[in-house]
Amino acid sequence: MTADQLDRAERCEARRRAQRRNLFGRVQAAASASRTQAQRLLRAKGDLSITEWRVLWDLAEAGPLTVTEMASIQRTDHALVSRAVPSLAKKGLVTTTTGADDRRTSSVALTPAGRSAFEATAGTMSARRAALAATFSQAEMDTFLDLIGRFERFVEGPVPPLAETGGA
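Heads up: the sequence shown runs through residues 662 to 829, numbered per the working numbering.
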């Protein structure tokens with residue numbers, strides 16, 4: 662290895678070490694890895710995206726819901742859920758009914774085929790949650806969730822006054 666290659670490798674490793682302490686990047690990387698893992702598990706059991714599965718899960722647990730309600734439950738973007746519903750309807754897994762009082766909203770309900778699709782994947786996803794729970798003690802899980810809650814409040818709130826430091 663040349664001196665230039667060694668210097669480059671050292672600089673790269675130093676940057677990697679610094680980024681391990683970047684909470685914004687770590688949370689994003691963990692979320693991405695979680696989605697990849699879940700998608701791999703779901704593909705092994707059928708043809709559902711993570712968002713589609715979460716819609717089925719919400720409907721199986723809570724009954725008919727609006728897209729807005731599901732987005733709120735999932736803590737995700739309304740448009741993401743909104744795009745999943747027509748795909749699920751096309752697959753025959755959900756039905757939609759336009760709201761009687763507000764025609765701009767619709768209620769989404771699970772069909773028998775949707776219940777079957779949910780049940781075919783629920784065991785795998787439940788086992789995944791159980792495996793995660795086995796990785797942490799209850800106290801650690803509570804602390805982790807408290808810390809994530811604090812992080813969410815920070816990123817969802819107004820940006821605090823930032824000092825000009827000249828750095829990125």
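We put the CB at the ideal spot given by N, CA and C, even for glycine.
Only a predicted model underlies this, so the values are computations on that prediction, with no experimental measurement involved.
Counting along the chain, the unbroken alpha helix (DSSP H) around residue 743 starts and ends at 739 to 751. Separation of residue 694 and residue 710 (C-alpha to C-alpha, rounded to the nearest whole angstrom) is 15 Å. Within the region 740 to 825, the runs of alpha helix (DSSP H) that reach at least 4 residues and sit entirely inside it are, in chain order, 773 to 796, 799 to 817. If you look at residue 667, you'll find it in the alpha helix (DSSP H) that goes 664 to 680.
Counting of Cβ neighbours within 10 angstroms places residue 712 among the buried residues, the total reaching 16 or more. CA-CA distance, residue 758 to residue 767, rounds to 5 Å. Between the region 674 to 682 and the region 745 to 762, the count of Cβ pairs shorter than 8 Å is below three; the stretches do not touch. Boundaries of the alpha helix (DSSP H) around residue 686: 684 to 706. Residue 812 is classed as exposed because its beta carbon has fewer than 16 other beta carbons within 10 Å across all chains shown. Note that the C-beta distance between residue 797 and residue 805 is below 8 Å. Looking from the CA of residue 785, the closest CA among 690, 666, 684, 706 belongs to 706. Under a 10 Å Cβ-count criterion, residue 778 is classified as buried, with 16 or more other Cβ atoms of the shown protein chains found around its own Cβ. A straight-line Cα-Cα distance of about 26 Å links residue 704 and residue 727. Looking at the backbone, the Cα of residue 745 and that of residue 801 are separated by about 34 Å. Residue 715: member of the alpha helix (DSSP H) spanning 711 to 723, first to last residue.
As DSSP reads the structure, residue 727 sits in a beta bridge with 768.
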